[in-house]
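Each residue of the sequence shown is one higher than the one before, counting from 297 in the working numbering.
Glycine included, each C-beta is placed from N, C-alpha and C at the ideal position.
A short write-up of the structure that comes next.
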Amino acid sequence: MTTGEAAVATGPTAPGPVDWFPLQLPGVPAGPAAARAAALAGKRARTPVEPMAAFGEDGAVWTVYRYDDAAAVLADDARFSLGVVEERYGAVLGRSVLTVAPRARRALRRVLATHLHPDDPAVAELVESVVTERVAALAPAADGPVDLVPLLAAQVPARVLVRLLGLPGEEWAAVAGLASAAAGFLSDPRGAIRAARALRRSFAGRLHATGPGDDVVTALARVEVDGERLAEAEVVASLLLLAWAGTETAHPAVLTCLYAVLAHPGVASAVRADPALALAAVDEALRWEAPVQVTSRRAERATRIGDTVVPAGATVLVHLGSANRDERRFADPDRFDLARSGSPGHLAFGTGVHRCLGWQLARTEVAACVRVLLDRWPDLRLAEDSPPPEGAVLRSPRRLLVHLR
Ligand code: HEM
């Protein structure tokens, strides 16, 4: 199914302001995987495009649960915009690569995609060295169960990111802390704005200090559209977005993927026997429990999704986690199946013009964590009380307790 402009004006009228945060979809538990999977399967079967009366006036907010509908909404940038993100996060984020004019966006995306890509040997070496060093640092904790949240997941993406941004390696904790505070805008707006201001200052400082270097900041400082440099505020906002998106999502992804591999001992053995399978295991884990379960768009005009017309101005919540478990797309979708790689792609990174800019980097980071850990600690296993993934928007285990030997 695809989206299409509504031929008839019978849908609900344009909605007013809505409040869907904190997001807790009625009838969809954020906790145990089996109950959540059953609830989402019910939504896909019975209400694939569902009005969310709990979040605002009738017709203001809708959730899309099926794969084809989710992919069609994300692919249709003209009808479904990121206006909703601008409304919600504009005050803290500013105009970044998410919302600048299309030509500037394309120029920014091109530069970012190149500089974040693990095909660049310098990027691949950076990831490998950060992961190897972090895994080695676990040794002193090897005698008891150890929580991989503070020692690994919180550190790897942040350490990689600050180095890519050309910042001193030891700034990883400060940058990750500020990015996390900025991302908490909906629950603590003042704290978020303060944190974003501090990050902006730091990035603007880097921007002014750029020389002939080869890092992301230097490359962004040189981006031109029609012979003109981009506004500094747009470049700085894009760096802020990078700090936010590069740490807040990759951190849960490391946890979810390691949990998925260790909770399926056959998968862990297969990767131990053939480390090249680590990437396929990560792809399947990202399908199985998408770390970002939901993203959102605004309908720019009344548009048909499946059999339903959503009105102009509606907020559309795109349920990536549900789409990735859609039985119309993936056979036996609740099963973690390493052999699934090569099957049609999952939506954990979105799709279309706003597809995640760090997706290759993130897969490489997480796969390196899986591979290097399994290699260094041949008896690595989950502790019995290690909790499973949870959460309605960002979804991952809150702790990852393992025995290293
Ligand atoms: C496994 C970890 C990650 C996951 C699951 C993830 C997920 C996503 C998703 C779902 C979107 C698109 C949302 C939409 O279309 O509405 C997105 C966008 C984005 N991500 Fe990621 N991401 C991850 C890691 C990263 C990393 C490591 C970086 C950067 C270093 C990054 C940077 C971005 C940026 C800049 C965007 C906005 C792209 C645009 O709109 O043009 N992400 N990510």
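Checklist line | N- and C-terminal bounds of the beta strand (DSSP E) containing glutamate 346 | finding: From DSSP, the beta strand (DSSP E) with glutamate 346 extends over 345-347.
Notebook entry, point to check: Going by other Cβ atoms of all chains shown within 10 Å of its Cβ, with 16 needed for buried, is threonine 611 buried or exposed?
Noted result: Taking all protein chains shown into account, threonine 611 has 16 or more neighbouring C-beta atoms within 10 Å of its C-beta and is therefore buried.
Notebook entry, point to check: Where does glutamate 520 land, buried or exposed, given buried means 16+ other C-beta within 10 angstroms?
Noted result: Taking every protein chain shown into account, the CB of glutamate 520 has fewer than 16 other CB atoms within 10 angstroms, so this residue is exposed.
Notebook entry, point to check: beta strand (DSSP E) containing tryptophan 358: first to last residue?
Noted result: Note, tryptophan 358: beta strand (DSSP E), 357-360.
Note to self: Give me, in chain order, the residues of the same chain whose beta-carbon lies closer than 7 Å to that of serine 692; leave out the 5 immediate sequence neighbours on both sides.
What the structure shows: These residues qualify, in order along the chain: Pro548, Leu551, Thr552, Pro587, Pro685.
Next item on the list: Give the secondary structure of histidine 547 by DSSP, where H, G and I count as helix, E and B as strand, and everything else as coil.
Entry: Three-state DSSP puts histidine 547 in a helix.
Notebook entry, point to check: Could you give the residue range of the alpha helix (DSSP H) that holds serine 692?
Noted result: Where serine 692 is concerned, there is no enclosing alpha helix (DSSP H), given that its DSSP letter is neither H nor E.
Notebook entry, point to check: Taking just the CA atoms, how far does glycine 462 sit from leucine 434?
Noted result: Each residue's alpha carbon lies about 26 Å from the other.
Check: With a Cβ-Cβ cutoff of 8 Å, do arginine 677 and leucine 573 count as a contact?
Finding: When the beta-carbon positions are compared, arginine 677 and leucine 573 stay at least 8 Å from each other.
Next item on the list: Go to threonine 410, then tell me how far its beta strand (DSSP E) extends in each direction, as first and last residue.
Entry: Careful: threonine 410 lies outside any beta strand (DSSP E), inside the alpha helix (DSSP H) at 398-411.
Item checked: beta-carbon histidine 642 near the ligand HEM non-hydrogen atom, thresh 7 Å -> No; taking the cut-off as 7 Å, the Cβ of histidine 642 has no heavy atom of the ligand HEM nearer than that.
Next item on the list: Measure the CB-CB distance between leucine 643 and alanine 454 and report whether it falls below 8 Å.
Entry: Judged by beta-carbon spacing, alanine 454 lies beyond the 8 Å limit of leucine 643, meaning their Cβ atoms are not closer than that value.
Notebook entry, point to check: Looking at phenylalanine 351 and arginine 594, is the spacing between their C-beta atoms short of 8 Å?
Noted result: In this structure, phenylalanine 351 does not lie closer than 8 Å to arginine 594 by Cβ.
Check: Going by the CB atoms, is the gap between phenylalanine 481 and leucine 536 shorter than 8 Å?
Finding: Taking C-beta atoms as the reference points, leucine 536 and phenylalanine 481 fail to come closer than 8 Å.
Next item on the list: For glutamate 596, collect the residues of the same chain with a Cβ closer than 6 Å to its Cβ; drop the 5 residues on either side in sequence, then sort them by chain order.
Entry: Excluding positions up to five away in sequence, the list reads Arg375, Ser377.
Margin query: Rounding to the nearest angstrom, what Cα-Cα distance links cysteine 665 and alanine 326 in this structure?
Written below: Their backbone Cα atoms lie some 26 Å apart in a straight line.
Note to self: Within 10 Å of its beta-carbon, does histidine 504 have 16 or more other beta-carbons around it, so buried, or fewer, so exposed?
What the structure shows: Exposed, by the Cβ-count rule.
Next item on the list: Give me the Cα-Cα distance between glutamate 383 and alanine 403, rounded to the nearest whole angstrom.
Entry: Rounded to the nearest angstrom, the two C-alpha atoms are 24 Å apart.
Margin query: Going by C-alpha to C-alpha distance, which of Tyr555, Pro414, Leu526, Thr604 sits closest to proline 683?
Written below: Nearest in C-alpha terms to proline 683, of all of Tyr555, Pro414, Leu526, Thr604, is Tyr555.
Next item on the list: Rounded to whole angstroms, what's the CA-CA distance from glycine 307 to threonine 343? Just pull it up for me.
Entry: With a pLDDT of only 35 at glycine 307, under the threshold of 50, the placement of this residue in the model should not be trusted; the figure read from the coordinates follows. Here the alpha carbons of threonine 343 and glycine 307 stand approximately 16 Å from one another.
Notebook entry, point to check: Which stretch, first to last residue, makes up the beta strand (DSSP E) that contains valine 605?
Noted result: Counting along the chain, the beta strand (DSSP E) containing valine 605 begins and ends at 604-606.
Item checked: Cβ pair valine 324, valine 345 closer than 8 Å -> In this structure, valine 345 does not lie closer than 8 Å to valine 324 by Cβ.
Item checked: Whole-angstrom C-beta distance between alanine 517 and valine 748, which should lie under 8 Å -> Missing from the structure shown is residue 748; the chain here goes from 297 to 701 and no further.
Notebook entry, point to check: What residues are listed by DSSP as bridge partners for glutamate 524?
Noted result: In the DSSP output, where bridge partners are listed per residue, glutamate 524 has Val521.
Next item on the list: Return the chain-ordered list of same chain residues with a C-beta closer than 6 Å to the C-beta of glutamine 451, the five sequence neighbours on each side being excluded.
Entry: For glutamine 451, where only same-chain residues beyond five positions count, the Cβ hits under 6 Å are Arg430.
Notebook entry, point to check: How about leucine 670 and alanine 564: are their beta carbons less than 8 Å apart?
Noted result: Taking C-beta atoms as the reference points, leucine 670 and alanine 564 count as a pair closer than 8 Å.
Checklist line | Nearest-angstrom Cβ-Cβ length linking glycine 493 and aspartate 579, presumed shorter than 8 Å | finding: Before going further, note that residue 493 is arginine rather than glycine in the sequence given. Taking the Cβ atoms as the reference, arginine 493 lies roughly 37 Å from aspartate 579, outside the contact range of under 8 Å.
Check: Skipping 5 residues on each side, what residues in its chain have a beta carbon closer than 6 Å to that of lysine 339?
Finding: Excluding residues within five positions, the ones whose Cβ falls inside 6 Å are Tyr361.
Note to self: On a Cα-Cα basis, can you pick out the residue from Ala688, Asp681, Val689, Leu690 that is closest to valine 442?
What the structure shows: Comparing Cα positions, the closest option is Asp681.
Margin query: Between which residues of its own chain and leucine 613 is the CB-CB distance below 6 Å, once the five residues before and five after are set aside?
Written below: Excluding positions up to five away in sequence, the list reads Thr359, Val590, Ser592.
Note to self: Rounding to the nearest angstrom, what Cα-Cα distance links alanine 529 and valine 381 in this structure?
What the structure shows: Taking the straight line joining both Cα atoms gives about 18 Å.
Next item on the list: Taking only the alpha-carbon atoms, compute the straight-line gap between alanine 330 and glycine 487 and give it to the nearest angstrom.
Entry: For alanine 330 and glycine 487, the distance between alpha carbons rounds to 36 Å.
Check: Distance, Cα to Cα, glutamate 585 vs arginine 636?
Finding: Those two C-alpha atoms are separated by around 15 Å.
Notebook entry, point to check: Do you know offhand how far leucine 697's Cα is from leucine 444's?
Noted result: Rounded to whole angstroms, leucine 697 to leucine 444 spans 6 Å at the Cα level.
Checklist line | threonine 410, buried or exposed, once every other Cβ within 10 Å from all chains shown has been counted against 16 | finding: Exposed is the call here.
Item checked: Length of the line joining the Cα atoms of phenylalanine 645 and tyrosine 385 -> Cα atoms of phenylalanine 645 and tyrosine 385: separation of roughly 20 Å, rounded to the nearest angstrom.
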